[in-house]
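Letter by letter, the sequence shown follows residues -20 to -1, 1 to 1010 of mature numbering (1 follows the signal peptide of the UniProt record, and there is no 0). Taking it in order: structure first as structure tokens, then the write-up.
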Amino acid sequence: MTRRLLALLALFALAPAAHAQPPVAFADAAVRAVQFVDKDEGWAVGDDGVVWHSIDGGAHWERQKTGSRASLRGVHFQNPYTGWAVGRLDAPNGVSAGVMLKTADGGLTWEEVGVNVLPGLHAVRFFDDKNGFVCGDGSDAFPTGMFHTADGGKTWRPVSGARSPGWRAADFDAQGTGVVAGVWSRLAVVRGGALADADLDPLGGRAVHAIKNTPFRWVAAGDGGLVMTSDDGRRWGAVNLGVPAAVAMSCDFRAVAASGTHVWVAGRPGSVVFHSPDGGKTWETQKTNLTTPVLGMHFLDATTGWAVGELGTIARTTDGGRTWTASRTGGGRAAVLFLNAHGRGAPLDLAALVGAADGYLCAAVNVMSADPATAHPRAGADAARFAQAVRLAGGAAAETAWAFPLPGHAAGLPPRELLATWDRLHDGKANEQLLRQAVLAVRMWQPEVVVTDPAAADAGAAEVLVLHAAREAFRQAADPACFPEQITALGLHPWAPKKLYALAGSDPAAAVKYDLTEFVRELGESARDAAEPAARVLGVNPVSQRSLKLIAHRQDGAEAHSKLTDGFGLARGGVARRAESGAKFDPVATEERKAAAQKRRHLEGLAFADNLDLAGADRALGALGAELPKLPDDIAARTAHAVATRFAQTGKWAEAREVFALLSMKYPGHPLAVDGYRWLLRYHAGTETRRRVEVQQKLAFGRVSFDPLGGGKVVQAGATGGSKTIVEEDVYRLHDPAMIVKWHQACLDMEPKLTAFGPLYSRDPAAWLALLAARRHVGKHAEADAFLREYFKGSDAATMPPGQDHWRDCLAAELWLADRTLVPTPPKPVAGSAFTETRPLLDGKLDDPCWQAAKVLPLTATSASNRPDDAAAFAAGYKTEAKFAHDGQYLYVAVSCAHPAGKAVAAVAKRDRDADMTGRDRVDITLDLDRDYQTYYRFQVDQRGCLAEDCWGDRTWNPKYFVAFVPGEAGWTCEFAIPLAELTGDRLGGRAWAVNVSRVVPGAGVQTWSGPADAEPRPEGLGLLRFEGR
């Protein structure tokens, strides 16, 4: 089964799609690493699986075919024949898969070693025929993201250590000691299969992109002009490049090379290389005549070297870097620059339409980045993910800035307050730095037109700030007096784009409008469908229309332009446009592809209808079953995935289940099939999802309320005065034991299918937890215990201290619950919920006996400002506590939230379902009943007393529950009574749930009882709540 499925996966990856697509633009694919084995022969690797080979010292290059579209990030040749190239492929839902290519004949043939074995890879080094090392993304399955082999790459063993957000470079000394460099200010030493963090000053979230061992010292380079040296790889100190701070802040270094005492560093912009002849003591600048970023360098000796970078550029020097000559390039500049606050906001469909179809080189800059202090470690790969998405869509290049981190708790802040948070990082000059980066991007990419974020009243703060910066950069980038150091010190030139557009949604007044559902012959499908795989990588839904509003221009008649590219005058094969592909279009085949695209649009239209009940979910499912087999396999699989995803997002889980099952069964070798398996596994593991389906909002539950005169009893909502009328709550009796077993057995049935996709998925602890919960649900307790022990068998995770790998802590907590002799200390916070004989009086005062006896769950700051004073003020000024209690019918939750003086807001007069709490001080209560750490209930309340709730992200779930909210000058309190019948049909006594209570204070930080936590749920951070009594 496994070998057959992997063969199918390889077939899908290597074979062209069933419908024609534009040829891959290998010529302008970024080149990211280079190595020469002697003065004549070398290799350079990069995006879209490109491997360039030279046998004349880099004067000429030919492409070696690899059969891969991976973004190759590292290359290492042991000799002229044996070499390795490693990289990454990014899939939906934040998953990256490592790609390892090996050649034994100098690159005449390349063989992929393993499929879905490791996460995304960025560096490779072999010490002999058997022993080697690779590193890249940390993942839930492989926390450190580092691996070593002792059998020539046949098997790889992970290096032990804590969860890493990702490594980007590695080098080793003669004794076998390695240093790895990574995102979020990481440097570490690797020796003997163990990992230890290096000693360095705080770097403010800057990534370290390059590392090099020289005969005298180690050298590392990264963002914000960062260059550091170390004598032993453990203790590091910053190097003074001898340039003004404004120059250093404009440089983000990506590459380091060395020979003897000579060191070179380069990066963004690629117009300058910094050279030290004395091991980093003194530095000089060398101009390259390039502008786009340099991503890799290699020097064979003190005079001969090569630099590689964006747009397929490879340059060489024979005089130690004093002069550089580009020996190959796929373009000189961009025709279109997308300058957006968020990568998710970049118009990938325009990259498909303008880039892939029309050949214009499109570059994209993502101005904001994830906040290293608060974000999930997976966000460490956001820059690589964004770059690959832009290439998939048809763009030429993409980059992500680092200087403007956006923590989740800052969402909803007004622009002035968001700018203030960045002022703390930039000594009060965030606005200047934002403009500096925007001007730098324009001068570096030299576009004809800039496209930026919407000029809309409801635009987010980040979008507003980037729009303002784009306006100013459009105006000032042509002025030599604006940031003159970019011209005098960095060798860039003033640049005047012709037009500036803002995205405009479906604004009817916009001059430029595109119907993205129209069939485009050059794409073989619509622009929407062509951009869809890239959009899935970023976790966004493709749009059907795109409008652009002209903001500024320097071109006569620009107001009358109906296309983004009107007025360009760029010839095919020029500096900013791809050459003609030479593709021939068969009219018959084109019509067949057009018909398939129309059929797909019809099928999706049935599922995407605003009123699906009117269109009929059954009708949509019936049409899918009948029509999908008539489509080419790739289009059919993508259609099924799009429909299933939309069903899941809108709470139509039964329909989503049918379509994901169809995708997985009919197209098991398609790359999207694993997404279907993963969703089905989680869906059938959770008791929350099962309960949601059982109930389906049809509970005949009498409308009840807590009446103060009723002594805490449940009385008719319409009762007055001292009415004592009692309403007996109905209990759901819709479930059947046999059906419960069948439901969860479906999860276990997914196990061998998921395993067939390789260790990247089969070793995922999230999947193990789901399968563990399913075994308990079907009564296979002994098998569950054995399954759990198997995970820790031979693994350092069994002895790892809590907090280093939070998914490991979830599994260790299960082991602690099962056998205290194996894990004597709980790996997670543990709290209790006491049984109460008397219901609390639901008035928000929290003075009832049950609350007086309840144990306090104190919340502590898990993410806040990186300034100690700010973090301390947040903890002291926003003290938060929670308590739990229960009886036979209700779960009771109390929260008490303090805030500084002047922060009080008025309570809302009327509560509505699912209030928008963006930008509000709020509390999240997360309940995972079966500890699968996948599906959960969430209840939210904010400082106004507004409420929201969801089940596994589905906000159409509307349970009946009761809340009392009391605001005050010093804080606010809230009291919940949640009917157990809305959550479960089981009694609580003796059970343990995974729960968390967290508080989000916009602009200040996040507090939580059990970490980690963020503005959105982090299931791996849930603690344990044990129910005492009945």
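Every residue, glycine too, gets a C-beta built ideally from N, C-alpha and C.
Query, Result
"Residue 556 to residue 426 span [Cα, whole Å]", "9 Å"
"CA-to-CA distance, residue 397 to residue 915, given in whole angstroms", "34 Å"
"Neighbourhood of residue 534 by C-beta distance below 7 Å, restricted to the same chain and skipping five residues each side", "476 and 478"
"Which of helix, strand or coil DSSP assigns to residue 471", "coil"
"Residues of its chain near residue 495, where Cβ-Cβ distance is below 8 Å and the 5 sequence neighbours each way are ignored", "524 and 525"
"Any C-beta of chain B under 8 Å from that of residue 644", "This model lacks chain B altogether; it includes just one protein chain."
"Contact between the region 812 to 830 and the region 977 to 987 (3+ Cβ pairs under 8 Å)", "no"
"Residue 741, DSSP secondary structure in three states", "helix"
"Per DSSP, the bridge partner or partners of residue 161", "149 and 167"
"Three-state secondary structure (DSSP) of residue 294", "strand"
"Segment contact flag, the region 278 to 289 with the region 208 to 227, C-beta cutoff 8 Å, min 3 pairs", "no"
"Beta bridge counterpart(s) of residue 987 as assigned by DSSP", "841 and 979"
"Run of the alpha helix (DSSP H) containing residue 372, from where it starts to where it stops", "362 to 373"
"Residue 512: first and last residue of the uninterrupted alpha helix (DSSP H) it sits in", "507 to 518"
"Whole-number beta carbon distance between residue 887 and residue 947, since they are thought to touch under 8 Å", "5 Å"
"Selected residue, minimal CA-CA separation from residue 474, among 443, 423 and 430", "423"
"C-beta atoms of residue 112 and residue 119 nearer than 8 Å", "no"
"Cα-Cα separation between residue 514 and residue 520, rounded to whole angstroms", "9 Å"
"Residue 189 vs residue 202 beta-carbon contact at 8 Å", "yes"
"Distance CB(residue 999)-CB(residue 908) smaller than 8 Å", "yes"
"Classification of residue 215 by the beta-carbon crowding that lies within 10 angstroms, buried from 16 upward", "exposed"
"Cβ-based burial, residue 127 [other Cβ within 10 Å; buried from 16]", "buried"
"Expected contact under 8 Å - CB spacing of residue 255 and residue 264 to nearest Å", "5 Å"
"Alpha carbon of residue 726 to alpha carbon of residue 734, nearest angstrom", "13 Å"
"Rounded straight-line distance, which links the Cα of residue 612 to that of residue 572", "10 Å"
"Delimiting residues of the beta strand (DSSP E) encompassing residue 872", "870 to 878"
"Cβ-Cβ distance between residue 771 and residue 830 below 8 Å", "no"
"First and last residue of the uninterrupted alpha helix (DSSP H) at residue 114", "Not the alpha helix (DSSP H): residue 114 falls in the beta strand (DSSP E), residues 112 to 116."
"Coarse secondary structure for residue 155, derived from DSSP in three states", "coil"
"7 Å CB neighbourhood of residue 603 in its chain, flanking five on each side removed", "583 and 586"
"Rounded straight-line distance, which links the Cα of residue 268 to that of residue 329", "34 Å"
"Local Cβ density within 10 Å of residue 107, reported as buried at 16 or more and exposed below that", "exposed"
"The region 610 to 630 in contact with the region 640 to 652 per 3-pair CB rule at 8 Å", "yes"
"CB of residue 356 within 8 Å of CB of residue 982, strictly", "no"
"Closest Cα partner of residue 308 within the set 200, 39, 510 and 862", "39"
"Cα-Cα separation, residue 363 to residue 391", "20 Å"
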